[in-house]
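Some notes on the structure that comes next.
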Amino acid sequence: MAPKASDEVENRFFGYFLTARPKYEVRMVKTVKFGGSSLASAEQFRKVKAIIERDAARRYVVVSAPGKRFSGDEKITDLLYRCQALAASGRPFDADFSKIADRFTGIRDGLGLDLCIEAEIDEIRSRIEAGTSPDYAASRGEYLNGKLLAAYLGVPFLDATEFVRFRDDGTFDDDATQRRSEVLKTYDRVVIPGFYGRRRDGSIRTFSRGGSDITGAIVARGTESDVYENWTDVSGFLMTDPRIVPEAQTIETVTYSELRELSYMGASVLHEDSIFPVRRARIPIHVLNTNDPEAKGTMIVPDSMAGDKEHARPLTGIAGRRGYTVITLTKDNLHNELGFAYRLMGILARNGISAERMPSGIDTISLVIDDKRLSGKMDQLYHDIMIECSPDTVEIASCIALIASVGIGMVRNPGVAAKLFTALSEAEVNARLIDQDSNEMNIIVGVEQRDFERAIEAIYRAFA
Ligand code: ASP
17 MAPKASDEVE NRFFGYFLTA RPKYEVRMVK TVKFGGSSLA SAEQFRKVKA IIERDAARRY
77 VVVSAPGKRF SGDEKITDLL YRCQALAASG RPFDADFSKI ADRFTGIRDG LGLDLCIEAE
137 IDEIRSRIEA GTSPDYAASR GEYLNGKLLA AYLGVPFLDA TEFVRFRDDG TFDDDATQRR
197 SEVLKTYDRV VIPGFYGRRR DGSIRTFSRG GSDITGAIVA RGTESDVYEN WTDVSGFLMT
257 DPRIVPEAQT IETVTYSELR ELSYMGASVL HEDSIFPVRR ARIPIHVLNT NDPEAKGTMI
317 VPDSMAGDKE HARPLTGIAG RRGYTVITLT KDNLHNELGF AYRLMGILAR NGISAERMPS
377 GIDTISLVID DKRLSGKMDQ LYHDIMIECS PDTVEIASCI ALIASVGIGM VRNPGVAAKL
437 FTALSEAEVN ARLIDQDSNE MNIIVGVEQR DFERAIEAIY RAFA
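Under the numbering used here, residues 17 to 480 are what the sequence shown spells out, in order.
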């Protein structure tokens, strides 16, 4: 069963175990990452401190830069990028830089901290003025926020440059990072800024936007944490887009594979690259809400830890994307024609197009292509197909949306597909295309774009 990250009872159990048999000390270790909105103000810092201090296992703390406090507010990272761009083009950046300085001194003063950050702020301003890189400028949001939180918690600050390494060409150096991550274990509790590391020459390099999630995952792996808690401003992932289904429930447990399917189909979850270090190390991620710490959140677990989940609700989540074209070729006896699919793939490759899916039947084969990939290439593609594949008919359907219904429970629940298609037909949605992954975790339905919301709603209601 998946470990329950914030389950105090479980920790007490470990405590009891300790007293009973001191030889086999078991101490849970957690890496906790707090996103920008969780650390956007002094008030948010107070919540974060309470969360960390509530659980001795929360030892490794990774922070983002201060995010938005309210809608329309500015993120510190955006302001830093803007200052750097203005300075690089010789324009004044003082107004924006003052906002940054005020945010950090405001948090410090709001917390009553006796910490001098003015010298660091001046140094950042001078380096931006002197034409520093965008990466250096952007990284200072996490750096200063880490300094503030470390002082507030009364624990050491460990700069990410001590272990997060990039190659000279700017790509992430996983091996070097793993080797250096050993340093983390020397700390009992420590604060680490997310989002950046350094190249061999010492210059700062950031991950892509949202990259503090990746640092959190690297730290969780390096410290062999039992769980990676990712604290945000939502109580986990919802089963589907709440703009379509306002009462969509939270997903309690999702496997890494299910999550991959859902995020590929448009569900916005964690930074994509943040999954791989913990997935390989088989560490669960617990997505939690700083503003509602008692909410259960969503646990992302390795597939092998799914346990009873597959016997429970057959459907974990529904995600979808608009903007596809489906090209369906029909040819008598197609399944007996040697090399048909091979020629088709050759045409796609030559035209630089990859098909998202290729469902096929005895006499048909369909190509589902993202419109962005098809743009400006349709005429040539059609021409090549006609010449090289000589189909009997070609049908082109544009304005198609794909909807993925994902759940590892599907395979064990007979009748899932029947229920799904009944729901669609009752909602008067015409399924233009149906495809099921060979791992039977995902049923994809292609519908006309105008039916997109109605279809998602119907599937949700059939299974919720
Ligand atoms: N502060 C960075 C950003 O806004 C990284 C992060 O928050 O994860 O993208």
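Every residue, glycine too, gets a C-beta built ideally from N, C-alpha and C.
Quick one: is the Cβ of residue i within less than 7 Å of any heavy atom of the ligand ASP?
i    : result
E139 : no
K115 : no
R196 : no
A81  : yes
F211 : yes
R225 : yes
D229 : yes
K163 : no
E288 : no
K84  : no
E90  : no
G462 : no
T187 : no
T177 : no
T93  : yes
G333 : no
G218 : no
Is residue i near residue j, with beta carbons less than 8 Å apart?
i    : j    : result
T314 : V422 : no
F479 : A417 : no
P330 : G425 : yes
I116 : L95  : yes
R237 : Y272 : no
V463 : A447 : yes
I369 : R389 : yes
D151 : T222 : yes
F179 : R156 : no
I123 : A58  : yes
G336 : V303 : no
C405 : L436 : no
V445 : A474 : yes
A365 : I381 : no
Which first and last residues belong to the alpha helix (DSSP H) in which residue i is found?
i    : result
D451 : Unbroken run through D451 is the beta strand (DSSP E), A447 to Q452; no alpha helix (DSSP H).
D190 : D190 to R196
A420 : Where A420 is concerned, there is no enclosing alpha helix (DSSP H), although the beta strand (DSSP E) it sits in stretches over T409 to V422.
E158 : P150 to L169
I137 : E134 to E145
F120 : D110 to G126
I230 : S228 to G238
S441 : V432 to E442
Identify the continuous beta strand (DSSP E) that holds residue i and give its terminal residues.
i    : result
V463 : N458 to E464
I472 : Where I472 is concerned, there is no enclosing beta strand (DSSP E), although the alpha helix (DSSP H) it sits in stretches over F468 to F479.
V79  : R74 to V79
V243 : V243 to T248
I68  : I68 -> not in any beta strand (DSSP E); alpha helix (DSSP H) instead, spanning A58 to E69.
Residue i: buried (16+ other C-beta within 10 angstroms of its C-beta) or exposed?
i    : result
V79  : buried
K46  : buried
E198 : exposed
E277 : buried
C132 : exposed
I378 : exposed
R70  : exposed
N349 : exposed
L345 : buried
R141 : buried
Contact criterion: CB-CB distance below 8 Å. Does residue i meet it with respect to chain D?
i    : result
L254 : Among the chains of the structure shown, chain D does not appear; only one protein chain is present.
Between residue i and the ligand MG, is the CB less than 7 Å from at least one heavy atom?
i    : result
E158 : Among the ligands modelled here, namely the ligand ASP, the ligand MG does not occur.
Inset, instruction - Enumerate, from N- to C-terminal direction, the unbroken alpha helix (DSSP H) stretches of 4 or more residues contained entirely within the segment 260–344. - result: If we require 4 residues or more, the alpha helix (DSSP H) runs fully inside the segment 260–344 come out as 272–280 and 291–296.
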